[in-house]
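Below is one structure; the comments refer to it alone.
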Amino acid sequence: MIGFLGFSGFSSQSQGCSDAGFCTMGAMRPDQAYSKRLDLKLRSLELNLYRGSSLLTPMIYVATVDATIGLNAKNYVQIKLPYQYAEGNLGSASGMGDISLSYTTVLKATQKFTLSGTLGGKIPMGDSNETIQNDLTTNGEERPLHMYYQPSLGSYDVVGGVSWINDKWLLATGIQIPLTKNNNQFVWGDFQNYPDQEYLRKYNTGPELMRGVDVMLRVERNWRFTNYNFSIGLLPIWRMTKDNSLVPDTSVPRDQWVREDRDGTTGMALS
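If you want it as structure tokens, here you go:
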């Protein structure tokens, strides 16, 4: 089966933006069909298209091939292969995004509900340090782009979640835990030719970023009919722990920069 999902949006709130992709892994996916017979498709293939916005100018476009392989009636594996393009006032970048792999199993099934669990992870396809050379970069040299532009988050992550589904409601929660830092090296000094330096400083800096832990909650109401269905819901994502990164300091050599937990990197984003 090939399905197409229309454009949707998400917001990135800091240099360590919340990863919207993990909210669609396994048991945490939206618009899941409830079946008393556990009649899961053995194979499915979807092409999902996303349009995302940041708090600044960058726009992010992602096309994801989402393949699900059913092992049996209660177990399936999922792989997601994204390709991302981002464009903003600093330039543009594109490339393969991080690969998502997950295993989902039905923990409990009754005539009234199904409880499922997912365990998986994300594999980086880059170090999150794509560069650009244009009229804005210092000395016209190759310089790293901000995280908003990076196709990869640049870290290995562990993801887990559970969902409860009946014929009307879907409740799901999940957690994403980064295991490694990335190699993003963006600093304001890389774009000395940018005409509005005050605006440039709205791009948060966080070299060699270690993202905080994200927790999501999905609450969704579904209406299903013979030929169509629709749903409404809420998807809050909380950054539970602070991001950690090097703190740029022009008064000392780069190898003397210190790592700190970054204030203002926790909080909630709502979709």
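One point on numbering: in my numbering, the residue at position 260 of the sequence shown is 1422, and numbering is uninterrupted. By construction, the Cβ of each residue, glycine as well, lies at the ideal position given by its N, Cα and C atoms. In this text the structure is predicted, and so the values were computed from the model without any measurement.
Asked, Found
"Taking L1362 as part of the alpha helix (DSSP H), name the residues at either end of that continuous run.", "Q1359 to L1362"
"Which residue from T1412, M1402, S1413 and N1234 puts its Cα closest to that of D1423?", "M1402"
"Can you name the residues that DSSP bridges to R1383?", "W1331 and I1394"
"Only counting the same chain, and skipping five residues up and downstream in sequence, which positions put a Cβ closer than 7 angstroms to that of K1343?", "S1317, E1370, L1371 and M1372"
"Excluding the 5 residues flanking S1229 on each side, which residues of the same chain have their C-beta closer than 6 angstroms to its C-beta?", "In the sequence on display, residue 1229 carries Ala and not Ser. Counting only Cβ-Cβ distances below 6 angstroms, and skipping sequence neighbours, we find L1207 and I1241."
"Per DSSP, what kind of secondary structure is D1289 in: helix, strand or coil?", "coil"
"Would you check if the distance between the CB atom of I1394 and the CB atom of M1378 is smaller than 8 angstroms?", "no"
"Span of the beta strand (DSSP E) holding P1244?", "N1237 to G1250"
"Pull up the distance between the alpha-carbon of E1360 and that of F1387, whole angstroms please.", "53 angstroms"
"For a quick check, are the C-beta atoms of E1434 and L1307 less than 8 angstroms apart?", "A query on residue 1434 cannot be resolved here, the shown segment of the chain reaching from 1163 to 1433 and no further."
"Thinking just about the alpha-carbon of each residue, which of A1271, F1392 and G1253 is nearest to the one in R1383?", "F1392"
"Taking the alpha-carbon positions, what's the M1258 to R1416 distance?", "29 angstroms"
"Would you decide whether D1329 is buried or exposed? Buried here means 16 or more other CB atoms lie within 10 Å of its CB.", "exposed"
"Measure from the alpha carbon of P1244 to the alpha carbon of each residue in G1253, S1262, G1283 and L1332, then state which is nearest.", "S1262"
"If Y1223 and Y1247 are in contact, beta carbons under 8 angstroms, what's the gap, nearest whole angstrom?", "5 angstroms"
"By a C-beta neighbour count over all protein chains shown, 10 Å radius and 16 as the cutoff for buried, is P1357 buried or exposed?", "exposed"
"Between the alpha carbons of I1294 and S1278, how many angstroms are there, rounded?", "44 angstroms"
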